[in-house]
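Asks: Following this message is one structure expressed as structure tokens.
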Amino acid sequence: MSWHVEGTYFENCNCDMVCPCSTSGLTAPADNDRCNVALAFHVDTGEVNGVDVGGLTVCVVADTPALMSDGGWKLGVLMDAAASPEQAEALGAVFGGQLGGPMEGLTPLIGEMAGMESLEIAYTEDGRSHQVRVGSAVDLAVEDFVSPMDATGLGVKVSGVGFPADTLAAGTASTARVDVFGMTWDNAGKNSFSAPFAWSA
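Just so you know, we're using UniProt numbering here: the sequence shown kicks off at 1 and counts up by one.
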């Protein structure tokens with residue numbers, strides 16, 4: 001069966017700005033001894049094996065070595081409590097990599113699946129600002145960066161990245177608290193990326 005999901009995403013990690021992990025295809029180390037990252041995906045429209053998954057949000061949190069390609073990731077998935085059991089199963093298979101697509105390529109790097117929890121998720125976007133709250137587990141607010149030397153005001157973009165989209169807007173987090181699956185951090189002031197995404201398999 002084929003599937004597709006598309007919408008918007010943003011992430012925050014503990015790199016200082018313009019994370020070298022993403023921009024190097026996981027071949028350059030992070031700025032710190034560990035990479036602590038949370039990615040929020042809001043699906044505007046999508047269908048997975050005949051199940052409509054539009055309007056739902058999924059958040060992925062991970063703790064990895066500085067060189068992410070070394071593997072041994074600890075990863076957990078937070079599912080939108082608004083999802084029905086069928087929708088949660090469908091999205092879990094997409095974001096867990098079981099149905100192919102972009103997440104499948106990351107599965108060999110995962111050393112520990114920390115689990116999947118269903119929580120209330122509030123996801124908002126307002127131009128360059130992006131925010132998600134996932135119960136008491138995740139509270140992220142980021143803003144895309146616009147250089148004071150950029151007369152266009154379009155913001156800093158990094159292209160040719162590939163995952164989770166080809167072109168990402170670079171930014172910083174004003175709020176970045178995670179406390180779930182035994183992973184706890186506060187990455188306020190650190191790197192963020194955002195972009196529209198469209199996946200299928």
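We put the CB at the ideal spot given by N, CA and C, even for glycine.
Could you have a look at Val51 and say whether DSSP puts it in helix, strand or coil?
Replies: The answer is strand: DSSP assigns Val51 an E or B state.
Asks: Pull up the distance between the alpha-carbon of Ala90 and that of Asn49, whole angstroms please.
Replies: Answer to the nearest angstrom: the Cα atoms are 7 Å apart.
Asks: Taking the C-alpha atoms as reference points, what is the distance between Val138 and Pro85?
Replies: Rounded to the nearest angstrom, the two C-alpha atoms are 22 Å apart.
Asks: So for Glu112, helix, strand or coil by DSSP?
Replies: The answer is strand: DSSP assigns Glu112 an E or B state.
Asks: Under 8 Å by Cβ, that's how I've got Met79 and Ser136 pegged, so tell me the actual separation to the nearest angstrom.
Replies: Not confirmed; about 15 Å, so no contact.
Asks: DSSP three-state label for Gly76, please.
Replies: If DSSP states are grouped into helix, strand and coil, Gly76 belongs with the strands.
Asks: Going by DSSP, name the residue or residues bridged to Phe95.
Replies: In the DSSP output, where bridge partners are listed per residue, Phe95 has none listed.
Asks: Assuming Pro148 is part of the alpha helix (DSSP H), what are its boundary residues?
Replies: First-last for Pro148: undefined, no H or E at that position.
Asks: Within its chain, find whatever has a CB closer than 6 Å to the CB of Gly104; leave out the 5 residues flanking it on each side and keep chain order.
Replies: According to the sequence as given, residue 104 is Glu; it is not Gly. Hits under 6 Å: Gly97.
Asks: Find out if the Cβ-Cβ distance for the pair Val161, Leu154 is shorter than 8 Å.
Replies: Not in contact: Val161 and Leu154 (Cβ atoms no closer than 8 Å).
Asks: Just grab the DSSP bridge partners of Lys157 for me.
Replies: Lys157 pairs with Ala169.
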